[in-house]
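In the working numbering, the protein residues as written are 23 to 291. Glycine residues also receive a C-beta, built at the ideal position from the N, C-alpha and C atoms. Structure first, commentary second.
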Amino acid sequence: MRIPVIPLLVPVLGLWSCTAQLPVAADAEAAAARELVTQNVNAALYQNASAEVAWLYEQGYAHARLKLNANLAVPDSLPPAVIVDVDETVLDNSPYELENIRAGRGYSPETWKAWTARAEAKPLPGALDFLNYAVSRGCSVFYITNRDADELEVTIANLAGQGFPMADKEHVLTMQGTSDKTARRDSVRRTHRVVLLVGDQLTDFDQVLKDRSADLGLPSMYMMSSRLSQSFILLPNSTYGYWRDGITGKGAAVEKRDRVRSFIEQRVR
Ligand SMILES: [Mg+2]
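This is the structure in structure tokens:
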């Protein structure tokens, strides 16, 4: 019986090419992942350990107090509320970033949830004083976070354990299928007048600002500058966010690393 050559060769060659290429691709991916971790070191140190970032938070919350006072001076029939984000707005997760760097790994949902389950993130400078002040001025506080619904209990435990006001199921609104916070903000606006929003991402104010396709989002940010000035306080986050996604994009570490390299090439031309 003659052995059909071509049908046998195809699977054999296919197997050969898989076994020959996989280790190379895996090595390249691991190297790119390590490079991305290294790129995050200074950002994480700045976020975790600099007096400059501590002061930026203090400054932001001092400014928040002035804005709150000004906006509360305008009468309204609805009761007032303040909306704050959680991560890198009222809670500091920079220890998680440093743990990742020590372990030579990047963010993953598994390690992130292991971190939030510890419920030991500390308040960011100025956050507690500001929110307690807002409550003393008659405001409700709503925490709108893109933590998952299954992180609700530990998030409330973390916030309440650190003394944050109104940290309960009525006021902590986790992600429900989408990272877009618009519907959750609207649900607060049905019963309250939102006098101020605070976050570390521009999308904590308006989802339109997620889009970084045009000049990394600068034009849309400036177009919204009047509304931003009126009722939003932005806090610093050097380690992650849509600003960085706009450069790295999504996908494999190799792709992200290469996009960072070509972005820098474009910037220095
Ligand atoms: Mg945040």
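The three-state secondary structure of residue 100, taken from DSSP, is coil. Every beta strand (DSSP E) of 3 residues or more that sits fully in the region 215-272 is shown, in chain order, as 215-221, 254-256. Residue burial annotation: residue 188 is buried, with at least 16 other C-beta atoms found within 10 angstroms of its C-beta. In this structure, 274 is the residue among 274, 285, 284 with its C-alpha nearest to the C-alpha of residue 48. Classified as buried, residue 82 has 16 or more neighbouring CB atoms from the shown chains inside 10 Å of its CB. For residue 212, the three-state secondary structure derived from DSSP is coil.
In this structure, residue 89 sits away from residue 114, with a CB-CB distance that is not shorter than 8 Å. Contact between residue 276 and residue 50 holds, with the beta-carbon distance rounding to 6 Å and staying under 8 Å. Boundaries of the alpha helix (DSSP H) harbouring residue 155: 149-158, taken from the DSSP string.
Across the structure, residue 169 and residue 71 are spaced so that their CA atoms are roughly 24 Å apart. Closer than 7 Å to some heavy atom of ligand 1: that describes the Cβ of residue 221. If you look at residue 290, you'll find it in the alpha helix (DSSP H) that goes 275-290. Residue 172 sits in a helix when the DSSP states are folded into three classes.
In the DSSP assignment, residue 195 falls within the unbroken beta strand (DSSP E) covering 194-197.
Residue 215 and residue 106 have their C-alpha atoms some 14 Å from each other.
Look at the beta carbons and you see the region 210-226 touching the region 251-264: at least three pairs across the two are nearer than 8 Å. Taking the C-beta atoms as reference points, residue 137 is found nearer than 8 Å to residue 118.
In the three-state scheme derived from DSSP, where H, G and I count as helix and E and B as strand, residue 165 is classed as strand. Going by beta carbons, residue 258 and residue 112 fall outside the 8 Å limit.
Counting of Cβ neighbours within 10 angstroms places residue 235 among the exposed residues, the total staying below 16. Short of 8 Å from the beta carbon of residue 174, and not among the five residues preceding or following it, lie these beta carbons of its own chain, in chain order: 191, 194, 196. Per DSSP, the unbroken alpha helix (DSSP H) holding residue 117 starts and ends at 116-125.
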